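J.: Quick one: the structure is below, questions incoming.
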């Protein structure tokens, strides 16, 4: 790993996603003495986590700190406020990672120059170590740094590497915002059960368990979703009747495509 007690891993922003990653790294056995967390306002949960592992916390980055890796996990609107204070911590060989939505590599190069930068798009299942993070590296990112990034991000789920920064916006529409689509599917299925006549509590429990169970089956089987769908669809059966509605020309697929396209457009607007 390209960080140490002398050149620590600097986590800037310890919100839900940054906190989830930090928890994953502790579970993976990363030395807490080689980590510094910079955040002016910690949640009680995060404060307890840092104290439990003896991780150093600062409200602003000290001038004498030079990081081996910096992970920026703050809201995009705070970039111009926070990045100037990080310049002293970023050396020519410091690896900069960002999980901030809508913030292009150019924004970091504006402050840090042509240092190695990885722009990352994780998603919220990282909180239960079942996320997936897409990563776009600049040309300055070495093969060994890519290995470090893969190891760090694998602590909270899968990692995929992108060929161009433009793909980050596409990823945002699919996996970045995707968990919300699945949550809404469970919500809609629960409401449909309620409208069909089930008690609200039972409809909710059935919907959530079905979505979670189907996801786990898909994960463990390794089969393509279409194969799993076909496996549970008997000709002229109840599932086939429901799929005739969902797979209609004006059914779920065009709506999903429209939703993803809307998310991609918004991601591009945020990136300027």
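Numbering (the working numbering), first residue to last: 18 to 289.
The beta carbon of each residue, even a glycine, is placed where N, CA and C say it ideally should be.
It should be emphasised that the depicted structure is a prediction, and the values quoted were computed from it without experimental measurement.
Quick one: which unbroken alpha helix (DSSP H) runs of 4-plus residues sit fully inside the segment 129 to 213? Chain order, please.
T.: The segment 129 to 213 contains these whole alpha helix (DSSP H) runs: 160 to 170, 183 to 188 and 195 to 213.
J.: Going by C-alpha distance, which of 248, 112, 270 and 72 is nearest residue 157?
T.: The residue with the shortest Cα to Cα distance from residue 157 is 112.
J.: When the Cα atoms are used, what is the spatial distance from residue 276 to residue 100?
T.: Their backbone Cα atoms lie some 33 Å apart in a straight line.
J.: Please identify the residue among 239, 247, 29 and 236 whose C-alpha is closest to the C-alpha of residue 93.
T.: Looking at the Cα atoms, 29 is the closest of the given residues.
J.: Between which two residues does the beta strand (DSSP E) carrying residue 87 extend?
T.: Where residue 87 is concerned, the enclosing beta strand (DSSP E) stretches over 86 to 89.
J.: If I'm right that residue 66 touches residue 89 with Cβ under 8 Å, what's the distance once you round it to whole angstroms?
T.: About 19 Å; that fails the 8 Å criterion.
J.: Specify, as a first and last residue, the run of the beta strand (DSSP E) that residue 74 falls within.
T.: Counting along the chain, the beta strand (DSSP E) containing residue 74 begins and ends at 73 to 75.
J.: When DSSP builds the beta bridges, which residues end up paired with residue 52?
T.: Bridge partners of residue 52: 26.
J.: Could you tell me the distance, in whole angstroms, from the CA atom of residue 119 to the CA atom of residue 137?
T.: Going by the C-alpha atoms only, they are around 11 Å apart.
J.: Determine the closest residue to residue 22 out of 72, 35 and 62, with distance taken between C-alpha atoms.
T.: If we check each option's Cα against that of residue 22, 72 comes out closest.
J.: Could you say which of 170, 193 and 154 lies nearest to residue 180 if we only look at CA atoms?
T.: The option with the nearest alpha carbon to residue 180 is 154.
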